[in-house]
Amino acid sequence: MTDAQIIEQALPRIADWYALSRRVLPWREEPTPYRVWISEIMLQQTRIEAVIPYYRRFLAELPDAAALAAVEEDRLLKLWEGLGYYSRARNLKRAAEMVMRDFGGELPHTAAALRTLPGIGDYTAGAIASIACGEPEPAVDGNVLRVLSRLLENGGDVLSPAVKKSVTTLLREHYPCGEAAALTTEGLMELGETVCIPNGAPKCELCPWQSLCRAHQNGTEENYPVKAPPRPRRIEERSVLLLRWGDRWAIRQREKKGLLAGLWEFPNELGAVTEEELRARFPQAERIAPCGRARHIFTHVEWHMEGWLLDLKRPLPGLTWETAAEIRSRYSIPTALKAYLALIE
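In our numbering, the protein residues as written are 91 to 435.
Okay, structure coming up:
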């Protein structure tokens, strides 16, 4: 069979399979455009199990676009704290403001209109439009690319935009509408998350596509997907300064642009420092001591951190001084520095 013939037979099977096999997840209980949108943004780069409590807290406090548009950024970032990639949260608020201004307070129902909102690309637009609105529009992410590369024995690099575009076009030509669109999109996601998995052997005995899958028929499942090797991450050595004055600790807010934009952090700097250098820079310090190393991996950079505890006789200007409890409850501290937050507590 041709690729098109396989897809034509595969999509109805995945919808039927998903209708019987789907897991119970909170965003599936009432798949409105707003709820699907929030869940899909949270699920980017984050495991389902980790997202569930965040999603429930977020929806409890910000149940609709109006509430999201009105929330203070610091509160939004606190709700998002721990999910990482904080630009996602800022884009949610920017998009909600646009929804209130330009769309009468309701998310648009077509992928084309959804793509005009900040932070919504082809995948998220397709997910919202098909799951919540029944539009015949696929949502193609890494899961779908992996599943389709095995189904069709497609040896193209799944990280290539050209491969993603060709898969999207092929699906769109055969995509159903209405409830079947929602079942198909959710089914493709579910298949990639639970059966045609990324790490380890796929569970082909559970797959509704066994008889259609070229890779399964030829025993080549684990040869797909094909990916170009990733570029190595840049390593940054950083020194983290835990400045204490009485029962208060120094924090500062990062710049509004760049990595971890707008979040609060303990003062830190690029490069390693010695105790002698710190004594020269902080003559008001009564005690200086190393307090442990930590590591955090971002997408393209890896921080190797060494912490220093400095007890000061008086506070330094230009910093915010708060108790550990206040820092924990009121400020958005990035996950990269959570080891040091635990230390001051």
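We put the beta carbon where it would ideally sit given N, CA and C, even for glycine. Please read all numbers here as calculations on a predicted model, not as lab measurements.
Nearest-angstrom Cβ-Cβ length linking residue i and residue j, presumed shorter than 8 Å
{"i": "TRP392", "j": "ARG418", "result": "One point to set straight first is that residue 392 is Glu, not Trp, in the sequence displayed. Incorrect: roughly 26 Å between the Cβ atoms, too far for contact."}
{"i": "ALA179", "j": "LEU166", "result": "5 Å"}
{"i": "TRP354", "j": "TYR421", "result": "4 Å"}
{"i": "PRO266", "j": "THR274", "result": "6 Å"}
{"i": "LEU149", "j": "ILE128", "result": "7 Å"}
{"i": "PRO121", "j": "ALA272", "result": "7 Å"}
{"i": "LEU427", "j": "PHE356", "result": "6 Å"}
{"i": "GLY224", "j": "GLY268", "result": "4 Å"}
Reference residue i, options the options, closest by Cα
{"i": "GLU196", "options": "GLU163, ARG113, TRP299 and ALA222", "result": "ALA222"}
{"i": "ALA100", "options": "GLY382, THR364, SER329 and VAL237", "result": "VAL237"}
{"i": "LEU402", "options": "TRP339, ARG205 and GLY277", "result": "TRP339"}
{"i": "ILE378", "options": "ARG369, GLY209, HIS386 and ARG385", "result": "ARG369"}
{"i": "TYR144", "options": "GLY174, ALA157 and GLU119", "result": "GLY174"}
{"i": "GLU263", "options": "LEU278, VAL253, ALA291 and PRO226", "result": "PRO226"}
{"i": "GLU139", "options": "PRO116, LYS254 and ALA150", "result": "PRO116"}
{"i": "LEU331", "options": "GLY309, PRO380, GLN300 and PRO319", "result": "PRO380"}
{"i": "PRO407", "options": "GLY348, LEU333, LEU349 and LEU433", "result": "LEU333"}
{"i": "PRO373", "options": "PRO405, GLU312, LEU207 and THR92", "result": "PRO405"}
{"i": "ALA109", "options": "LEU133, PRO298, GLY194 and GLY209", "result": "PRO298"}
{"i": "ALA94", "options": "PRO198, LEU302 and ARG125", "result": "LEU302"}
{"i": "ASP192", "options": "ALA202, ALA201, THR200 and LEU207", "result": "LEU207"}
{"i": "TRP107", "options": "PRO198, PRO320, LEU409 and GLN300", "result": "GLN300"}
{"i": "MET91", "options": "GLU416, GLN307 and ASP164", "result": "GLN307"}
8 Å Cβ shell around residue i - same chain, five flanking residues per side excluded
{"i": "ILE287", "result": "LYS293"}
{"i": "ARG205", "result": "GLY211, ASP212 and ALA215"}
{"i": "ARG118", "result": "ARG112 and GLU276"}
{"i": "GLU376", "result": "ASP401, LEU402 and LYS403"}
{"i": "LEU133", "result": "VAL141"}
{"i": "MET190", "result": "ALA155, ALA156 and ALA159"}
Sub-8 Å separation of residue i and residue j beta-carbons
{"i": "ILE218", "j": "PRO102", "result": "no"}
{"i": "ALA105", "j": "ALA270", "result": "yes"}
{"i": "GLU326", "j": "ALA362", "result": "no"}
{"i": "ARG323", "j": "ILE387", "result": "yes"}
{"i": "ARG146", "j": "GLU280", "result": "no"}
{"i": "LYS317", "j": "ASP247", "result": "yes"}
{"i": "GLY352", "j": "ARG342", "result": "no"}
{"i": "GLU283", "j": "ASN233", "result": "yes"}
{"i": "LEU242", "j": "ARG304", "result": "yes"}
{"i": "ARG240", "j": "TYR314", "result": "yes"}
{"i": "THR425", "j": "GLY172", "result": "yes"}
{"i": "VAL285", "j": "LEU278", "result": "no"}
{"i": "ASP337", "j": "THR413", "result": "yes"}
{"i": "TYR176", "j": "LEU350", "result": "yes"}
{"i": "LYS255", "j": "LEU235", "result": "no"}
Own chain, CB closer than 7 Å to residue i, minus 5 neighbours either side, in chain order
{"i": "SER329", "result": "ASN358, GLU359, GLY361, ALA362, VAL363, GLU396 and TRP398"}
{"i": "LEU158", "result": "LEU152, LEU182, LYS183 and ALA186"}
{"i": "GLU365", "result": "ILE378"}
{"i": "THR200", "result": "ALA219 and GLU225"}
{"i": "THR310", "result": "GLU243"}
{"i": "ILE97", "result": "LEU260, LEU261 and HIS264"}
DSSP beta-bridge partners of residue i
{"i": "GLN343", "result": "TRP354"}
{"i": "ALA109", "result": "Answer is none; ALA109 lacks a bridge partner."}
{"i": "GLU359", "result": "SER329"}
{"i": "GLU396", "result": "SER329 and ARG383"}
{"i": "ASP247", "result": "VAL316"}
{"i": "VAL391", "result": "ARG324"}
{"i": "GLU367", "result": "DSSP output for GLU367 lists no bridge partner at all."}
{"i": "ASP401", "result": "ARG334 and ARG377"}
{"i": "TRP411", "result": "ALA340"}
Sequence-distant residues of the same chain with beta carbon closer than 6 Å to residue i, five excluded per side
{"i": "ALA384", "result": "MET395 and ALA429"}
{"i": "LEU169", "result": "PHE148"}
{"i": "GLY382", "result": "GLY397"}
{"i": "LYS346", "result": "GLY352"}
{"i": "THR410", "result": "ILE341"}
{"i": "PRO198", "result": "LEU204"}
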